[in-house]
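Residue numbers (the working numbering): 110 to 567.
Ideal Cβ positions, reconstructed from N, Cα and C, are used throughout, including at glycine.
Here the structure is laid out as structure tokens; the discussion comes afterwards.
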């Protein structure tokens, strides 16, 4: 029989290979352009293959070595993800700017990034100097900087922040995290603070999964599916999406409720919703037992974190949310890739709302709140399929719950949505692969119904 260290070596080697490829992709290739998309797919495909092999080989590692190996692997891959600037998304530019503004004592909801009143706070990496052309327009340096008209003063400026003419969309807990990441950090330090914040969320979630899996009689090795996942590393660390913190808080809220701590669980759920609104989806499976108590605790937490901002800026705290919903097609009924293929635009959003409400009601009535994981996976996964959001990182909320439930077939939805940003001109193809991914959980459910209970539990 091979010793523990010998069994660890193949897993460690695979993790080092993933880290090396990630570092090359993030620090070497950097910001993705259209020509680099095939290369990105190829490298990510190799990383996913190595990831699957590492998770399988982890089964041979002795139990005592698993927690340390899983956490060290997550740390290694997270460090690789933080080795360069974001590759796909510019959201963390807004995160950093909101943090800088708050640390200067200014509400992030009070001014748009292009407001001249905030000019003294602008670092060069967020607002690079442009060059005026002969025709009077401004040429901005780099791949991401775009010209925009300054607000409150004449002139055109360059910025890497998306939507610089509109107020922030992020809720108060997210804004508090942005301020925390930038506190005591010089303005000329670029994306790293937010990436480290994302890495902290990954490590905390992985640690929480290790504990939760063990205490509920599941295999702690499954935590590696989250901590080592290339999608998680890219979106939570490299692109530093705050959705990772929303997922962490949603997981923590569920664990509290399953242990009977309804008020604390509801309050943490409220904090998750006040980070990103999507965690409201995990609530129905928790609510069969005293739903009013969980709901009031969640509402109380939301009110507490919103109140200071409401007192400071009034209705401006809503930010760009209405404009975002319209921009993404939720108002016009064009967002849902599958429903919009068979329904007129006017019917798409109402039908999506009815489907999700019906599913939420069924799960509220039928789910044991002590074992909500499969129902939460279904609720979040179904919402992602029905709404098909234009940003793959929304799937970060799904991953911890599919890990706890063992519903691995939902990974198909995660993978498909993570590729969504590259298919804007191939909607028909995206509909096909999304439908195929959505059928995997259906097939999984049918197989579980037909399989012996003993096999299901195994």
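Sequence-distant residues of its chain with Cβ nearer than 7 Å to residue 516 (five each side left out): Excluding positions up to five away in sequence, the list reads 483, 486, 550, 553.
Using DSSP with H/G/I as helix, E/B as strand and the rest coil, what is residue 475? Residue 475 sits in a helix when the DSSP states are folded into three classes.
Tell me the rounded alpha-carbon separation between residue 239 and residue 266. Using only the alpha carbons, I get a separation of about 7 Å.
First through last residue of the alpha helix (DSSP H) which encompasses residue 266: Element bounds for residue 266: not the alpha helix (DSSP H) but the beta strand (DSSP E), 265-268.
From the DSSP output, in three-state form, read off residue 255 for me. Strand, per DSSP.
Taking 8 Å as the cut-off, does the region 453-469 touch the region 357-377 (at least 3 CB pairs, one atom from each stretch)? The answer is no - the region 453-469 does not touch the region 357-377, with fewer than three Cβ pairs under 8 Å.
Classify residue 340 as buried or exposed, calling it buried when 16 or more other Cβ atoms lie within 10 Å of its own Cβ. With 16 or more other Cβ atoms within 10 Å, it is buried.
Apart from the five residues on each side of it in sequence, which residues of its chain come closer than 7 Å, Cβ to Cβ, to residue 283? Here residue 283 has 351, 384, 385 as same chain residues with Cβ atoms under 7 Å from its own Cβ, once five neighbours each way along the sequence are excluded.
Identity of the residue in 401, 269, 121 nearest residue 194 by Cα: Looking from the CA of residue 194, the closest CA among 401, 269, 121 belongs to 269.
Give every residue of the same chain whose Cβ lies closer than 6 Å to the Cβ of residue 156, excluding the five residues on either side of it in the sequence, and list them in chain order. Here residue 156 has 127, 130, 339 as same chain residues with Cβ atoms under 6 Å from its own Cβ, once five neighbours each way along the sequence are excluded.
Whole angstroms is fine: what's the gap from residue 213's alpha carbon to residue 203's? Rounded to the nearest whole angstrom, the CA to CA distance from residue 213 to residue 203 is 15 Å.
Applying the criterion that 16 or more other CB atoms from any shown protein chain within 10 Å of the CB defines a buried residue, is residue 297 buried or exposed? Per the 10 Å Cβ criterion, exposed.
Are residue 303 and residue 376 touching if we call contact CB-CB under 8 Å? No. Outside cutoff.
Pull up the distance between the alpha-carbon of residue 380 and that of residue 400, whole angstroms please. Their backbone Cα atoms lie some 17 Å apart in a straight line.
Measuring CB to CB, does residue 507 end up less than 8 Å from residue 447? In this structure, residue 447 does not lie closer than 8 Å to residue 507 by Cβ.
Using DSSP with H/G/I as helix, E/B as strand and the rest coil, what is residue 110? Residue confidence is low: residue 110 scores 46 on pLDDT, short of 50, so the model does not pin down where it sits. No coordinate-derived value is stated.
By the three-class DSSP mapping on this structure, what secondary structure does residue 352 have? Helix at residue 352.
Does DSSP classify residue 241 as helix, strand or coil? In the structure shown, residue 241 sits in a strand (DSSP, three-state: E or B).
On the CB-based measure, 16 or more other CB atoms within 10 Å of its CB, does residue 206 come out buried or exposed? Counting the other CB atoms within 10 Å of its CB gives residue 206 a total of 16 or more, which places it among the buried residues.
On a CA-only basis, which of 149, 293, 150, 179 is nearest residue 163? Give me that one, please. Per the C-alpha coordinates, the member of 149, 293, 150, 179 positioned closest to residue 163 is 179.
Own chain partners of residue 217 with C-beta closer than 6 Å, once the 5 adjacent residues on each side are dropped: Same-chain partners within the cutoff: 207, 210, 211, 277, 284.
What does residue 224 pair with, by DSSP beta-bridge criteria? The beta-bridge partner set that DSSP reports for residue 224 consists of 260.
Range covered by the alpha helix (DSSP H) that runs through residue 482: Counting along the chain, the alpha helix (DSSP H) containing residue 482 begins and ends at 482-496.
Measure the C-alpha to C-alpha separation of residue 501 and residue 526 and round it to an integer number of angstroms. Distance from the CA atom of residue 501 to the CA atom of residue 526, rounded to whole angstroms, is 5 Å.
Do you know whose CA, among 470, 494, 166, lies nearest residue 444's CA? That would be 494, whose Cα lies nearest to the Cα of residue 444.
For the alpha helix (DSSP H) containing residue 304, list its first residue and its last residue. Per DSSP, residue 304 belongs to the alpha helix (DSSP H) from 301-324.
With residue 527 as the anchor, note down where its alpha helix (DSSP H) starts and where it stops. Bounds of the alpha helix (DSSP H) holding residue 527 are 520-527.
Please look up how many angstroms separate the CB atoms of residue 225 and residue 187, rounded, as I've assumed it's under 8 Å. Not confirmed; about 38 Å, so no contact.
From 509, 477, 539, residue whose alpha carbon lies closest to that of residue 313: Checked all of 509, 477, 539; the closest Cα to residue 313 is 509.
Closest by CA to residue 393, which one among 468, 308, 167? That would be 468, whose Cα lies nearest to the Cα of residue 393.
Can you tell me the Cα-Cα spacing of residue 78 and residue 328, whole angstroms? This structure cannot speak to residue 78, because the chain is shown only from 110 to 567.
Name the two residues that bound the continuous alpha helix (DSSP H) containing residue 213. Premise fails: residue 213 is in no alpha helix (DSSP H) and is neither H nor E.
For residue 429, collect the residues of the same chain with a Cβ closer than 6 Å to its Cβ; drop the 5 residues on either side in sequence, then sort them by chain order. So the qualifying residues of the chain are 275, 276, 278.
Considering only the beta carbon of each residue, do residue 513 and residue 321 sit closer than 8 Å? Yes, the pair counts as a contact, with Cβ atoms nearer than the cut-off.
Segments assigned alpha helix (DSSP H), at least 4 residues, entirely inside the region 384-446: Whole alpha helix (DSSP H) segments, 4+ residues: 400-422, 430-436.
From the DSSP output, in three-state form, read off residue 248 for me. Assignment of residue 248 by DSSP, reduced to helix, strand and coil, places it in the strand class.
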